[in-house]
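Under the UniProt record's numbering, the first residue of the sequence shown carries the number 1, and numbering increases by one thereafter.
Don't be surprised by glycine CBs; every beta carbon is placed ideally from N, CA and C.
Written out below as structure tokens is the structure these notes cover.
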Amino acid sequence: MTPIPTPAPTGALRSLLPVLGAHRATVLRTCLAALVDQAALVALVTLAAYTVGTAVIEHRPPAPGTVAVLIGLVLLRALATWREMDLSHDLAYRVLAELRVRVFDGLARSAPARIAGRRSGDLAATALGDVEALEFFYAHAIAQLLASGVVFTVSAVLLAALGPWLLLAVVPAALLLVWSPLIEARGRAERGHRTRSALAELSSETVESVDGLRELLMTGSLNRRRARLRSAGRRLARAQR
Numbered sequence: 001m002t003p004i005p006t007p008a009p010t011g012a013l014r015s016l017l018p019v020l021g022a023h024r025a026t027v028l029r030t031c032l033a034a035l036v037d038q039a040a041l042v043a044l045v046t047l048a049a050y051t052v053g054t055a056v057i058e059h060r061p062p063a064p065g066t067v068a069v070l071i072g073l074v075l076l077r078a079l080a081t082w083r084e085m086d087l088s089h090d091l092a093y094r095v096l097a098e099l100r101v102r103v104f105d106g107l108a109r110s111a112p113a114r115i116a117g118r119r120s121g122d123l124a125a126t127a128l129g130d131v132e133a134l135e136f137f138y139a140h141a142i143a144q145l146l147a148s149g150v151v152f153t154v155s156a157v158l159l160a161a162l163g164p165w166l167l168l169a170v171v172p173a174a175l176l177l178v179w180s181p182l183i184e185a186r187g188r189a190e191r192g193h194r195t196r197s198a199l200a201e202l203s204s205e206t207v208e209s210v211d212g213l214r215e216l217l218m219t220g221s222l223n224r225r226r227a228r229l230r231s232a233g234r235r236l237a238r239a240q241r
């Protein structure tokens, strides 16, 4: 029987943040690198658009200083992007290593009294799968979202100072960008739950098959185990559609 997915509690996202407390310096460096990266991108696109517009409308080639600034912005963004990726993944892997230890400690304390009849391989695969799924959040979400918010706020203030009517084009697009992930969010969450459950089942079947290979050969149950693995693989394929 497939468990019915339950909605995440309101504070689920906030509960992922306290583990970052031991890595404040890395978090700060990652956020600064992401801020420089995105600010350089905005400046590069703006200056490039101005340069092209000037060349097309006024038939003036870009000044050497403008070209030098464009080259500098390209190099700055390349370095900032590399640095942000390096720091964010270092942060994510450190946090995931800490979470794995906490998961195994929790399983060690609860098993076997509180596993409620579930197989240890199933529990471990599900727990580790959930931990690994957090890699994207810690490596690709926190610093990027903070930097995006800062860059957008500063850009909106500058646009409001230069021409308030420009905000009429920028703000609706930003609101649409924020709202778009919420479309069909429940359906995506349910598909994700089914996929994780099927993947955990396949992982546990595989681990237990390898661990019990000798017993399977002795009892002649290898073909039945292969059939179970194929069935679990088909369920995973259906869940991913």
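Residue burial annotation: S197 is buried, with at least 16 other C-beta atoms found within 10 angstroms of its C-beta. Burial check for V27: the Cβ neighbour count within 10 Å reaches 16 or more, so the residue is buried. A173 and L41 have their C-alpha atoms spaced approximately 18 Å apart.
Three or more pairs of CB atoms, one per stretch, sit closer than 8 Å, so the region 31 to 41 contacts the region 80 to 87. Distance from the CA atom of P61 to the CA atom of A48, rounded to whole angstroms, is 12 Å. Contact annotation: the region 90 to 103 touches the region 17 to 24, with at least three C-beta pairs closer than 8 Å.
Between A189 and Q38, the C-beta spacing is not below 9 Å.
When the Cα atoms are used, R241 and S231 turn out to be separated by approximately 16 Å.
Using a Cβ distance threshold of 9 Å, L73 and L44 count as a contacting pair.
L229 and L222 do not touch by the CB rule: their CB atoms are close to 10 Å apart, not below 8 Å. DSSP places R241 in the coil class of the three-state scheme, outside both helix and strand. Within the same chain, Cβ atoms closer than 8 Å to the Cβ of S155 are found at V42, V170, the five residues on either side in sequence being excluded. Restricting attention to T51, V56, I57, the CA atom closest to the CA of V67 is found in T51. Cβ neighbours of L176 within its own chain (closer than 8 Å, five residues either side excluded): none. Going by DSSP, W165 is part of no alpha helix (DSSP H) at all; its letter is neither H nor E. Counting only unbroken stretches of 4 or more residues, the alpha helix (DSSP H) elements lying wholly within the region 188 to 227 are 213 to 219, in sequence order.
With distances taken between CA atoms, S15 lies nearest to F137 out of F137, T153, G65. Judged by their CB atoms, A200 and G129 are nearer to each other than the 9 Å cut-off.
Under the criterion of beta carbons closer than 8 Å, V19 and L99 qualify as touching, at roughly 7 Å. Here A143 is buried, its C-beta having at least 16 other C-beta atoms within 10 Å.
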